[in-house]
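Worksheet for the structure shown next.
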Ligand code: AMP
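In our numbering, the protein residues as written are 0 to 393.
As C-alpha cells, then:
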C-alpha cells in the first residue's frame, strides 16, 4: 500500500517524498480515510506510530481548498515540545502547499506569537494555557476553526488541562470535525469523547506495537550504585542516542552533570530549564552532539528523535502507562530499540505490573565485573545532627 491510494494533492505528495515516507504506517492506513471523509475520529495510538502525519496530511488536504490567512485548524498539545514538533511536521509535509502554521506555547514572549498571528496563519498548534492567554487578550481568532485535534489527550488530563480545554472549546463556534488521539482511554478522556465528538470512528493500534520492536531488560541494583552502574552499562553497550529517565528534575540535573564528568556528552531536559536551554538540549540531541539526554517524564513528552537506540529507566516509572510512553521513544517506525530498567528492591510491584503489560518476563541482567557489593557512601548531610541543621536555618 502506498500514499498514492489517498489521492493527496501533488503539493502534499511532494512533502511526503521530501520526508522519505514510502509506505503509510498502520495508524495512517486506518485513520486517514475516515479523516478525509470528514468524520470524527478517535485514534488510540502512542507517539512513535506515525500518528502525527495521520492527522497532518488530511488537514493539509482540507485546508488547501479553503481561505487563507485565518485559522482553520487547531491542534491542542500537552507540551511545548510536542507542539513544536507537530508544527514542524506541518511545515515539512506542507512545505509546497503555502499553508502556514504557528506553535503557541508559554515560557517565551507573547509578542512574536502575536506578530505571527497577525501576519495570517491557517494552522495553530497550541498548548492550552498560552492559547487561553491569547484568547483572553483577543490576539487570536478561533472563529473560523472547523478542524480540531486534541493530541495526547490522556497526558493532557494527567497534567490537569481539562478545565482549560473546556474553556477553549467554548470559543469554537463553527460545526467542526474533531479528532482525539490518546495512548490510553481513562474515564476522563472517555467522558470528553462523549461530549465533544459526534459518531466517532475509533482506530486503534495495538499497545503491543512498541514491545515488538523494543527488547526489555532489567538491571537489579542498589539505589546508591545506579550512577556507577549506568556509566558501566554505557561503556559496555553499543548505542546511538540514549535517553535516560529520572524521577525528579533535581535527579535529572545531577545525573547529567555526573555523566558529563564521566566523559559522555550529556544534557538534561527538565522543567527548571529556560525555553532557550530546553531547545538547545533538544537540538543537540537531535544533531548528535549530545549523546545522552537525561529527562523527566513530563519534559520528555513528545520527544521525537529517530536515532534513540536506548531508553534507560534510571528510576522506575510510576505507572505502566509511563513505562509504555518512555519506551515508545525508541524502536520507532522501522527501527529497533532497547529498554533498560534499573530496579531496586522497592520496585517489585511495578516490575510485576510491567510484566503483565508485556505478557513476558524481561531478562534480569547483571554486569560482569561490576562491584554490586560496594557500600553506600556516608552522606555528610544525612548524618548532620539536628541542632546544627537548625542553627544553619536561622
Ligand atoms: P509520531 O508517532 O507522529 O511521533 O511519528 C514518529 C516518527 O515516525 C516521526 O519521526 C515521523 O517522521 C515518522 N513517520 C511518520 N510516518 C511515517 C511513514 N509513513 N514512514 C516513515 N516514517 C514515518
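All residues carry an ideal CB built from backbone N, CA and C; glycine is no exception.
As the structure is a computational prediction, the values presented were derived from the model and not from experiment.
When the Cα atoms are used, what is the spatial distance from residue i to residue j?
| i | j | result |
| --- | --- | --- |
| residue 173 | residue 310 | 43 Å |
| residue 95 | residue 53 | 18 Å |
| residue 39 | residue 217 | 41 Å |
| residue 156 | residue 296 | 15 Å |
| residue 254 | residue 30 | 40 Å |
| residue 154 | residue 13 | 33 Å |
| residue 284 | residue 235 | 21 Å |
| residue 276 | residue 268 | 9 Å |
| residue 50 | residue 264 | 31 Å |
| residue 335 | residue 164 | 36 Å |
| residue 246 | residue 103 | 28 Å |
| residue 67 | residue 329 | 38 Å |
| residue 127 | residue 201 | 24 Å |
| residue 148 | residue 258 | 39 Å |
| residue 78 | residue 299 | 9 Å |
| residue 183 | residue 320 | 8 Å |
| residue 75 | residue 180 | 10 Å |
| residue 33 | residue 161 | 26 Å |
| residue 23 | residue 354 | 31 Å |
| residue 352 | residue 108 | 43 Å |
| residue 240 | residue 169 | 42 Å |
| residue 144 | residue 91 | 22 Å |
| residue 167 | residue 322 | 30 Å |
| residue 135 | residue 244 | 36 Å |
| residue 113 | residue 129 | 11 Å |
| residue 158 | residue 152 | 10 Å |
| residue 368 | residue 289 | 28 Å |
| residue 256 | residue 281 | 16 Å |
| residue 214 | residue 325 | 13 Å |
Could you check what DSSP says for residue i in three-state terms: helix, strand or coil?
| i | result |
| --- | --- |
| residue 156 | helix |
| residue 365 | coil |
| residue 5 | helix |
| residue 182 | coil |
| residue 11 | helix |
| residue 323 | helix |
| residue 310 | strand |
| residue 88 | helix |
| residue 342 | strand |
| residue 336 | strand |
| residue 115 | helix |
| residue 358 | coil |
| residue 69 | coil |
| residue 315 | coil |
| residue 375 | coil |
| residue 134 | helix |
| residue 349 | helix |
| residue 287 | coil |
| residue 328 | coil |
| residue 161 | helix |
| residue 370 | coil |
| residue 141 | coil |
| residue 304 | coil |
| residue 64 | coil |
| residue 81 | helix |
| residue 297 | helix |
| residue 391 | Low confidence applies to residue 391: its pLDDT is 35, below 50, so where it sits in the model is not reliable, and the reading given next is rough at best. Helix. |
| residue 23 | coil |
| residue 188 | helix |
Should residue i be labelled buried (16 or more other beta-carbon atoms within 10 Å of its own) or exposed?
| i | result |
| --- | --- |
| residue 224 | buried |
| residue 314 | buried |
| residue 197 | exposed |
| residue 55 | buried |
| residue 358 | exposed |
| residue 394 | No information on residue 394 is available, as it lies outside the stretch 0 to 393 that the chain covers here. |
| residue 17 | exposed |
| residue 347 | exposed |
| residue 349 | buried |
| residue 100 | buried |
| residue 0 | exposed |
| residue 376 | exposed |
| residue 362 | exposed |
| residue 250 | buried |
| residue 312 | buried |
Looking only at DSSP bridge pairs, what is residue i linked to?
| i | result |
| --- | --- |
| residue 292 | 242, 266 |
| residue 93 | DSSP output for residue 93 lists no bridge partner at all. |
| residue 100 | 122 |
| residue 74 | 124, 148 |
| residue 177 | 147 |
I want to check one thing, is the minimum distance from the CB of residue i to the heavy atoms of the ligand COA below 8 Å?
| i | result |
| --- | --- |
| residue 21 | Absent from the structure shown: the ligand COA. Ligands present: the ligand AMP. |
Jot down the residue ranges of each uninterrupted alpha helix (DSSP H) in the segment 192-280, minimum 4 residues, whole runs only, in chain order. List check, alpha helix (DSSP H) in window: 208-212, 225-235, 248-260.
Contiguous beta strand (DSSP E) assignments of at least 3 residues, all confined to the segment 27-60: The segment 27-60 is shown to contain whole beta strand (DSSP E) runs of 3 or more residues at 40-43, in chain order.
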